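In our numbering, the protein residues as written are 323 to 437. All residues carry an ideal CB built from backbone N, CA and C; glycine is no exception. What you are looking at is a predicted structure, and each value in this text was computed from that prediction instead of being measured.
Here's what the structure looks like:
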């Protein structure tokens, strides 16, 4: 896997084609550990050369702390509307989930789209 927030943290990447999507929402929570961050980046329309998102090149991001198993876990959310000017010319989005510390990311993520 390419990159990582820290030397041993291996991010997970997701690709979503945007055809006809009016609104997209990601909700996620972290399991045990120091939490995770979600970075989302627009992918261009003409020659597709994917650039994986990270903390410095993402257009949207959110972070959530780890959950120790007691109480209710904290959810994080990113909502992207089709009218957002950052989506001009986009055909897809890539999302990367990174651990907030030098560990494997432990998380649950859900994506919902309005078409």
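For the beta strand (DSSP E) holding residue i, just list the boundary residues, first then last.
i, result
"residue 418", "414-421"
"residue 431", "429-436"
How would you call residue i, buried or exposed, if buried means at least 16 neighbouring beta carbons within 10 angstroms?
i, result
"residue 424", "exposed"
"residue 402", "buried"
"residue 333", "buried"
"residue 365", "buried"
"residue 352", "buried"
"residue 421", "buried"
"residue 430", "exposed"
"residue 400", "buried"
Once DSSP output is grouped into helix, strand and coil, what is the label at residue i?
i, result
"residue 324", "Model confidence at residue 324 stands at a pLDDT of 41, short of 50, so the residue's coordinates are unreliable and nothing is read from them."
On the DSSP bridge assignment, give the partners of residue i in chain order.
i, result
"residue 405", "None, per the DSSP bridge assignment."
- Task: Could you tell me which uninterrupted beta strand (DSSP E) segments, each at least 3 residues in length, are contained entirely in the region 366-397, listed from first to last along the chain?
- Result: Listed in chain order, the beta strand (DSSP E) elements of length 3 or more contained wholly in the region 366-397 are 382-386.
- Task: Only counting runs of 3 or more residues, tell me where the beta strand (DSSP E) segments fall wholly within the region 326-355, in order along the chain.
- Result: Secondary structure remark: continuous beta strand (DSSP E) runs of at least 3 residues inside the region 326-355, in chain order: 334-339 and 345-352.
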